[in-house]
Amino acid sequence: MSIVLYNTLTRKKEPFETLEPGRVKIYCCGVTVYDYSHLGHARCYVAWDTVRRYLLWRGYAVHYVQNFTDIDDKILNRAKSEESSMQTVAERYTQAYLEDIARLNVVEADEYTYATQTLDGIQRLIGELEQKGYAYPANGDVYYSVRKFEGYGKLSGRNLDDMQAGASGRVTGEDATKQDPFDFALWKGAKEGEPFWESPWGPGRPGWHIECSAMIRDRLGDTIDIHVGGSDLVFPHHENEIAQSEAATGHPLSRYWMHNGMVNVGGEKMSKSLGNFTTIRDLLDAPNAPDPMAVRLFLLQGSYRKPVDFTDEAIAAAQTSWGTLLDGLLFGYQYGAKLGWVDVEDSAFGDPAAMRIDRESDPVQTFQAAMDDDFNTAGGLAVLFDLAKDLRRAGNLITHTGEADTPSDVLRQQWQTLVCLAQVLGLEARPGVEVSTEGGLSDAEVEALLTQRREARAAKDFAEGDRIRDLLQAEGITLIDKPGGVTEWHR
RNA sequence: GGCGACAUAGCCAAGUGGUAAGGCAGAGGUCUGCAAAACCUCCACCCCCGGUUCGAAUCCGGGUGUCGCCUCCA
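Structure, rendered in structure tokens:
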């Protein structure tokens with residue numbers, strides 16, 4: 004069995020074969036750092052983080068490179084409006100991106116690249132393209148001549164003659180100097196007061212698309228295994244990357260192209276320009292904010308390729324769902340000692356890296372079959388829920404009756420399987436948070452209230468008994484009335 | 001105008017030829033002073049119309065609807 008993935012280039016699912024056995028080179032288009040990242044970005048980077056985690060779990064050595072676009076008109080505009088510099092703005096939002104995405108448990112890239120640190124590679128590439136006749140200078144700018152590149156349009160399935168230039172309504176003044184409306188800037192001559200770099204074509208800065216081509220070549224080589232990014236980048240960004248890189252090197256830029264679907268709000272794409280976006284930090288820092296893992300779960304419940312609608316209701320449902328997985332993930336910490344597990348005090352307890360799970364077991368095989376099929380995370384999650392529900396049931400039985408009806412070693416295997424598979428999806432529970440008593444009632448206070456309640460109930464004063472029960476519930480304490488007047492409780 | 005994607009229960013969503021995973025919400029039951037918690041059980045024939053097939057949500061054709069891209073974009 005091998006992994007099958009959907010390749011935008013061929014519009015088909017294809018068996019995944021790497022250039023070098025066991026090694027995967029991935030390049031991910033990162034953010035332009037001029038503002039805080041929103042849920043669309045979260046969706047994108049969670050998706051590719053999950054792909055990366057899964058490939059690692061399947062035994063591949065993955066080299067994952069992602070860029071920061073830190074030279075751009077929008078950054079420049081932001082800098083002007085706040086009277087700072089492009090560098091200041093870029094550094095601020097680069098840092099913010101890293102903080103936000105880390106909360107969603109996205110692992111850092113093996114390498115991050117920056118446009119500002121790739122000027123040599125960029126200029127070298129533009130020079131080659133010019134030499135080979137694919138680029139032409141005009142008024143201090145340098146443009147790529149799309150009609151010179153035979154395969155132009157192969158990724159996005161377009162034909163230059165069928166496209167309506169300017170259909171998106173964002174035509175700029177550049178057009179007058181271009182030979183063809185679809186030609187795009189490789190180098191932009193500096194205007195008065197703008198930051199610039201010296202070049203053979205005069206002072207200026209690189210166009211947007213060229214940085215990715217240059218970075219990939221510098222860090223990963225002429226051809227990589229997988230190029231990933233948002234589906235809104237297919238055209239023109241990725242199409243232009245292909246045109247640049249392949250014209251220069253004569254080799255395919257990437258074997259596979261994968262694109263994530265957009266996050267929608269009310270059926271429309273979430274985007275800066277529509278103003279309908281929610282930033283990651285706004286969502287996670289709001290009152291009653293969802294657990295970051297619930298947000299990740301929300302994003303993994305559907306296919307990475309399809310659009311996903313963001314609503315408060317959907318996040319709330321995901322939060323509840325996460326509670327179920329959480330119960331399962333924390334099972335070992337809560338019940339391991341009662342089940343006689345001898346390693347619960349070990350520092351490595353609960354660490355997936357230290358666990359040995361049975362790869363041939365049904366849950367793992369089912370999980371793998373789902374994920375092998377174009378990273379079907381929804382199918383993978385079903386396995387996690389099965390395990391988590393079994394464990395929760397066992398835990399409840401222990402709480403309510405004192406013992407589970409499943410052998411301890413079976414529960415241990417189930418728990419470890421759950422923890423390991425959840426980690427492959429980037430879903431992790433942090434023990435300790437749930438049993439926090441910060442600001443709450445002490446055990447003695449709870450017991451005192453329970454005594455009051457017991458007396459009230461004995462006197463048939465159920466209103467008083469219920470009042471105390473509600474009071475405790477508000478403190479996060481759940482009561483379990485058992486036959487015989489015994490009341491147990493847990494936080 | 002061109003290119004593309006999607007349409008499955010109240011909501012989200014997987015499945016892409018053999019008679020519908022999972023999550024959320026909901027219903028019934030056991031238990032209970034009533035609840036809560038817990039446990040058990042139940043809950044869709046897959047947008048419409050044709051066609052292919054022994055058999056289609058799943059393939060083909062035609063509709064309808066929604067969305068994305070067509071040089072800001074994850």
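Read in order, the letters of the first sequence correspond to residues 4 to 494 in the working numbering. Each residue gets a CB set at the ideal place from its N, CA and C atoms; glycine is no exception. Source: prediction; values computed, not measured.
Give the single residue among A82, S234, G383, Y115 whose Cα lies nearest to the Cα of L303.
Counting from one through the first sequence, the residue named residue 303 turns up at place 300. Here the closest residue by C-alpha is G383.
Which class does F71 belong to by DSSP, given the choice of helix, strand or coil? Here residue 71 is taken as the residue at index 68 of the first sequence, counted from 1. Here F71 carries a strand assignment [DSSP, helix/strand/coil].
- request: Taking 8 Å as the threshold, find out whether the segment 254-271 comes into contact with the segment 227-235 through three or more Cβ pairs.
  value: Enough Cβ pairs lie closer than 8 Å, so yes.
Practice task
Reducing DSSP to helix, strand and coil, say where S148 ends up.
Solution key: Translated into positions along the first sequence, residue 148 becomes position 145. Coil, per DSSP.
- Would the beta-carbon of V68 fall within 7 Å of that of E114? Position 65 of the first sequence, counted from the first residue, corresponds to residue 68. Position 111 of the first sequence, counted from the first residue, corresponds to residue 114. Yes.
If you draw a straight line from the alpha carbon of C31 to that of W51, how long is it in whole angstroms?
On the first sequence, residue 31 is found 28 positions in, with the first residue counted as 1. On the first sequence, residue 51 is found 48 positions in, with the first residue counted as 1. Approximately 8 Å, taken between the alpha carbons.
Helix, strand or coil for A188? Go by DSSP, reduced to three states. The residue labelled residue 188 in the question sits at position 185 within the first sequence. Shown here, A188 sits in a strand according to DSSP, grouped into three states.
Three-state class that DSSP yields for R26 in the structure shown: Here residue 26 corresponds to residue number 23 of the first sequence, with the count starting at 1. Strand at R26.
For N243 and H212, believed in contact at Cβ under 8 Å, the rounded distance = For the purposes of this step, residue 212 is taken as the residue at position 209 of the first sequence. For the purposes of this step, residue 243 is taken as the residue at position 240 of the first sequence. Cβ-Cβ separation between H212 and N243: approximately 4 Å, consistent with a contact (criterion under 8 Å).
- Message: Give me the residue from M358, S324, D377 with the minimum Cα distance to V7.
- Response: Along the first sequence, one-based indexing puts residue 7 at 4. Among M358, S324, D377, the Cα nearest to that of V7 is on D377.
task: Drop a sphere of 10 angstroms on the beta-carbon of D186, count the other beta-carbons inside from all chains shown, and report buried for 16 or more, exposed for fewer.
output: The residue given as residue 186 occupies position 183 in the first sequence. When all chains shown are included, D186 counts as buried.
In the structure shown, what three-state DSSP assignment does A193 receive? In the first sequence, counting from the first residue as 1, residue 193 sits at position 190. Reduced to three states, the DSSP call for A193 is coil.
Checklist entry - Residues in its own chain within less than 6 Å of M358 by CB, not counting five upstream and five downstream? => result As a position in the first sequence, residue 358 is number 355, starting the count at 1. In chain order, Q419, C423 place their CB closer than 6 Å to the CB of M358, counting only its own chain and leaving out the 5 sequence neighbours on each side.
Item to complete: Find the nearest neighbour of T369 within the set V386, I360, P355, D361, judged by alpha-carbon distance.
Response: Start at 1 with the first residue of the first sequence, and residue 369 comes out as number 366. Measuring from the Cα of T369, the nearest candidate turns out to be V386.
Check the C-beta distance from A321 over to L300 and give it rounded, since I have them as a contact under 8 Å.
Against the first sequence, residue 321 aligns to sequence position 318. Against the first sequence, residue 300 aligns to sequence position 297. The beta carbons of A321 and L300 sit about 5 Å from each other, so the pair counts as a contact at 8 Å.
Let me confirm a value: S202 is counted as buried when at least 16 other C-beta atoms fall within 10 Å, else exposed. Which label applies? As a working note, residue 202 is residue 199 in the first sequence. That one is buried.
With DSSP as the reference, please indicate the residues paired to D312 in a beta bridge.
In the first sequence, counting from the first residue as 1, residue 312 sits at position 309. Answer is N267.
Nearest-angstrom Cα distance between R127 and T13? Indexing the first sequence from 1 puts residue 127 at position 124. Indexing the first sequence from 1 puts residue 13 at position 10. Whole-angstrom Cα-Cα distance: 30 Å.
To the nearest whole angstrom, what separates the beta carbons of A397 and L329, a pair I think is in contact under 8 Å?
Taking the first sequence and counting its residues from 1, the one referred to as residue 397 is at position 394. Taking the first sequence and counting its residues from 1, the one referred to as residue 329 is at position 326. Incorrect: roughly 15 Å between the Cβ atoms, too far for contact.
Spatial neighbours of Q455 in its chain, beta-carbon cut-off 7 Å, leaving aside the 5 residues before and after
Position 452 of the first sequence, counted from the first residue, corresponds to residue 455. Taking Q455 as the centre and dropping the five residues before and after it, the same chain places the C-beta of I471 closer than 7 Å to its C-beta, in chain order.
ask   = With DSSP run on the structure shown, which of helix, strand or coil describes V345?
value = Here the question's residue 345 lines up with position 342 in the first sequence. Three-state result, V345: coil.
#### Entry: Top-ranked residue by Cα proximity to T119, from S84, M218, K151
Numbered from its first residue, the first sequence carries residue 119 at position 116. Ranking the options by Cα distance to T119, first place goes to M218.
field: N-terminal and C-terminal residue of the alpha helix (DSSP H) that H493 is part of
entry: For the purposes of this step, residue 493 is identified with residue 490 of the first sequence, where counting begins at 1. Run containing H493: none in the alpha helix (DSSP H); it sits in the beta strand (DSSP E), 489-493.
| field | Cα-Cα separation between Y117 and D288, rounded to whole angstroms | value | Counting from one through the first sequence, the residue named residue 117 turns up at place 114. Counting from one through the first sequence, the residue named residue 288 turns up at place 285. Y117 and D288: Cα-Cα distance of roughly 29 Å.
Checklist entry - Would the beta-carbon of V36 fall within 7 Å of that of A93? => result Numbered from 1 along the first sequence, position 33 holds the residue referred to as residue 36. Numbered from 1 along the first sequence, position 90 holds the residue referred to as residue 93. Contact flag set, yes.
When DSSP labels each residue in this structure, what does T509 get in the three-state scheme?
Because the chain spans 4 through 494 in this model, residue 509 falls outside it and cannot be assessed.
Practice problem: Apply the 10 Å Cβ neighbour rule to I74 and answer buried if 16 or more other Cβ atoms are within range, or exposed otherwise. | Solution: The count along the first sequence starts at 1 and reaches residue 74 at position 71. Counting C-beta atoms within 10 angstroms of its own C-beta, I74 has 16 or more neighbours from the protein chains shown and is therefore classed as buried.
*Output the boundary residues of the beta strand (DSSP E) element that contains A141.*
If you number the first sequence from 1, residue 141 lands on position 138. From DSSP, the beta strand (DSSP E) with A141 extends over 138-141.
Review point. Helix or strand or just coil, what does DSSP make of E437?
Key: Within the first sequence, the letter at position 434 stands for residue 437. With a pLDDT of 44 at E437, under the threshold of 50, the modelled position of that residue is not reliable, and the figure given next carries that caveat. Looking at E437 - three-state DSSP - the assignment turns out to be coil, as it is neither helix nor strand.
Is I129 near the ligand GDP, with its Cβ less than 6 Å from a heavy atom? This structure simply doesn't include the ligand GDP, nor any ligand for that matter.
Next item on the list: Measure the alpha-carbon distance for T481 versus S411 and round it to whole angstroms.
Entry: Counting from 1 along the first sequence, the entry for residue 481 is found at position 478. Counting from 1 along the first sequence, the entry for residue 411 is found at position 408. So the two alpha carbons sit approximately 26 Å from each other.
How would you label S171, buried or exposed, when you count the other beta carbons within 10 angstroms and need 16 or more for buried?
Looking up residue 171 in the first sequence gives position 168. S171 comes out exposed.
Ordered along the chain, which non-local residues of its own chain (more than five positions away) have a Cβ less than 8 Å from that of A477? In the first sequence, counting from the first residue as 1, residue 477 sits at position 474. In the same chain as A477, and ignoring 5 residues on each side of it, no C-beta atom comes closer than 8 Å to its own.
Burial state of S364, where buried means 16 or more other Cβ atoms lie within 10 Å:
Numbered from its first residue, the first sequence carries residue 364 at position 361. Exposed, because fewer than 16 other Cβ atoms sit within 10 Å of the Cβ of S364.
Check: Can you tell me whether DSSP reads W204 as helix, strand or coil?
Finding: Mapped onto the first sequence, residue 204 falls at position 201. Shown here, W204 sits in coil according to DSSP, grouped into three states, outside any helix or strand.
inquiry  = Between which residues of its own chain and C47 is the CB-CB distance below 6 Å, once the five residues before and five after are set aside?
reply    = The residue labelled residue 47 in the question sits at position 44 within the first sequence. Once the five neighbours on either side are set aside, the close Cβ partners of C47 are G233, N263.
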